[in-house]
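Residue numbers (the working numbering): 219 to 626.
Even glycine gets a Cβ: it sits at the ideal position worked out from N, Cα and C.
Small disclaimer: the values here were computed from a predicted structure and weren't measured.
Take a look at the structure set out below.
Structure below.
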């Protein structure tokens, strides 16, 4: 396929993302906008441009300027923080296909998501928007502990607190209020969410929407440290649940996507399966992170990142599905529960197990590590196909962290 004179505008390329490779596979050239471009990104892109991605007007003006010289077929991003900006740029360029800006911003801002999803037939989550400890005092009279306190527009489980008492709520509010910017320099919303605690196993639902019709591709079961420390330490695709549970989760997610007016997008929806049925934690208008696309591709044949790109062109997702190579795929993460020193023990066994397909240990033997506090500072991971849980847990012990531990 050759589209020699057609370009894709990439907004905020991920450092380890494969956006450029995907676009080139389909014969398009690339224009890449980043606040800062490293040398590799400069050489990868056909037209690399540095522009402050935290200034929407600067990005839109630059896009309009570039569009006068080049034929831009779509605006594409896999970067969660930049989905609303990419949607706004697309609409400014009057490009037909892509997630609507309103839907993108409503997913990115969790208080907007909560407000809209109050319209769900069942499974709406009780929540309150507060701006101070004084306002939280009134909310605590209405909700039973534990309760969840979190920022409205951050990501990666960052500053998500499950609080069991008043003092923990106050500490959480102080922590969130004192943080003015997220990890990419965006201003954090001053509003803070307080929500009912959702008790039950956690899942994510990988879906696509094309021309207003949504379909669930896979349901992923998620393993977290605890409700009070919601760092993700493992995922399994497909989730090992009953047919009825699968149906209930799909129904609430598909209704949510319609209410949020999602279109021409891959979505990653997090769900808790409570005693009262499935309830939505959040909806993200991008493919799942944490190597979930790798697990989904192995078990369903669908390549979520390529599907996301094809949707940005208005094309159907079926054209990027491939052969299934596993009935079940897992990822497990290494974490540190406190500051300590890394020590390896029988790490070679990770590589000798033929069911373990990929290993990425981000630290070396003897390294000093600090306590894992979010999904962004875990120590490494491995991916396995068709392996049982006992072997997965045993394999975690092959990396021994002295003074800290690996989650089993």
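Open item on the list: Checking 8 angstroms against the spacing of the C-beta atoms, do residue 580 and residue 558 come in under that value?
Closed with: Here residue 580 corresponds to residue number 362 of the chain shown, with the count starting at 1. Here residue 558 corresponds to residue number 340 of the chain shown, with the count starting at 1. Taking 8 angstroms as the Cβ cut-off, residue 580 and residue 558 do not qualify as a contacting pair.
TODO: Give the secondary structure of residue 590 by DSSP, where H, G and I count as helix, E and B as strand, and everything else as coil.
DONE: Taking the chain shown and counting its residues from 1, the one referred to as residue 590 is at position 372. In this structure, residue 590 counts as coil in the three-state DSSP scheme.
TODO: Let me know the alpha helix (DSSP H) ranges lying completely inside the region 497 to 580, each 4 residues or longer, listed in chain order.
DONE: 510 to 518, 522 to 530, 566 to 570
- [ ] Pull up the distance between the alpha-carbon of residue 613 and that of residue 467, whole angstroms please.
- [x] The sequence position of residue 613 within the chain shown is 395, counting from 1. The sequence position of residue 467 within the chain shown is 249, counting from 1. Computed Cα separation, rounded: 31 angstroms.
Task: Coarse secondary structure for residue 411, derived from DSSP in three states - done: Taking the first residue of the chain shown as position 1, residue 411 is located at position 193. Residue 411: strand per DSSP, three-state reduction.
Task: Length of the line joining the Cα atoms of residue 606 and residue 512 - done: As a position in the chain shown, residue 606 is number 388, starting the count at 1. As a position in the chain shown, residue 512 is number 294, starting the count at 1. C-alpha separation (whole angstroms): 18 angstroms.
Task: residue 626 (DSSP reduced to helix, strand or coil) - done: Position 408 of the chain shown, counting from 1, holds the residue named residue 626. Any reading at residue 626 needs caution, since the residue's pLDDT is 47, under 50, leaving its predicted position unreliable; the model's value is listed next. Reduced to three states, the DSSP call for residue 626 is coil.
TODO: Note down, one range per segment and in chain order, each beta strand (DSSP E) of at least 3 residues found wholly within the region 390 to 462.
DONE: 410 to 414, 420 to 428, 431 to 444, 447 to 455
Task: Run of the alpha helix (DSSP H) containing residue 480, from where it starts to where it stops - done: Numbered from its first residue, the chain shown carries residue 480 at position 262. From DSSP, residue 480 is part of no alpha helix (DSSP H); its letter is neither H nor E.
TODO: Identify every residue that forms a DSSP beta bridge with residue 491.
DONE: In the chain shown, the residue the question calls residue 491 occupies position 273. Answer is 496, bridged to residue 491.
- [ ] Just mark residue 450 as buried or exposed, buried being the case when its beta carbon has 16 or more other beta carbons within 10 Å.
- [x] Within the chain shown, numbered from 1, the residue matching residue 450 stands at position 232. It is buried - the Cβ of residue 450 has at least 16 other Cβ atoms within 10 Å.
Open item on the list: What residue range does the beta strand (DSSP E) around residue 261 cover?
Closed with: Mapped onto the chain shown, residue 261 falls at position 43. No beta strand (DSSP E) holds residue 261; the alpha helix (DSSP H) holding it covers 257 to 262.
Open item on the list: Using the three-state DSSP reduction, which class does residue 371 fall into: helix, strand or coil?
Closed with: As a first step, residue 371 is located in the chain shown; it is residue number 153 there, counting from the start. Three-state DSSP puts residue 371 in coil, outside helix and strand.
- [ ] Taking only the alpha-carbon atoms, compute the straight-line gap between residue 584 and residue 412 and give it to the nearest angstrom.
- [x] Walking along the chain shown from the start, residue 584 turns up at place 366. Walking along the chain shown from the start, residue 412 turns up at place 194. Looking at the two C-alpha atoms, the distance is approximately 41 angstroms.
Task: Backbone CA spacing between residue 252 and residue 592 [nearest angstrom] - done: Counted from its first residue, the chain shown places residue 252 at position 34. Counted from its first residue, the chain shown places residue 592 at position 374. So the alpha carbons of these two residues sit roughly 25 angstroms apart.
TODO: Identify the continuous beta strand (DSSP E) that holds residue 268 and give its terminal residues.
DONE: Here the question's residue 268 lines up with position 50 in the chain shown. Residue 268 -> beta strand (DSSP E) spans 265 to 268.
Task: residue 552 versus residue 586 - alpha carbon distance - done: If you number the chain shown from 1, residue 552 lands on position 334. If you number the chain shown from 1, residue 586 lands on position 368. Cα-Cα distance, rounded: 14 angstroms.
- [ ] Would you list, in sequence order, the uninterrupted beta strand (DSSP E) runs of no fewer than 3 residues that lie entirely inside the region 330 to 391?
- [x] 345 to 348, 365 to 369, 379 to 381
- [ ] On a CA-only basis, which of 263, 514, 506, 562 is nearest residue 541? Give me that one, please.
- [x] In the chain shown, the residue the question calls residue 541 occupies position 323. It is 514 whose Cα lies nearest to the Cα of residue 541.
Open item on the list: For residue 226, report the span of its beta strand (DSSP E) as first-last.
Closed with: Indexing the chain shown from 1 puts residue 226 at position 8. Taken as a continuous stretch (DSSP letters only), the beta strand (DSSP E) holding residue 226 covers 224 to 229.
Open item on the list: Please return the same chain residues whose Cβ sits closer than 6 angstroms to the Cβ of residue 372, not counting the five positions on each side in sequence.
Closed with: As a working note, residue 372 is residue 154 in the chain shown. So the qualifying residues of the chain are 400.
Open item on the list: Let's test the definition: count the other Cβ atoms within 10 Å of the Cβ of residue 279 and tell me whether it reaches 16, buried, or not, exposed.
Closed with: Residue 279 sits at position 61 when you count from the first residue of the chain shown. Label assigned to residue 279: exposed.
Task: Residue burial classification, residue 590 (beta-carbon count within 10 angstroms, cutoff 16) - done: Stepping through the chain shown from its first residue, residue 590 is reached at position 372. It is buried - the Cβ of residue 590 has at least 16 other Cβ atoms within 10 Å.
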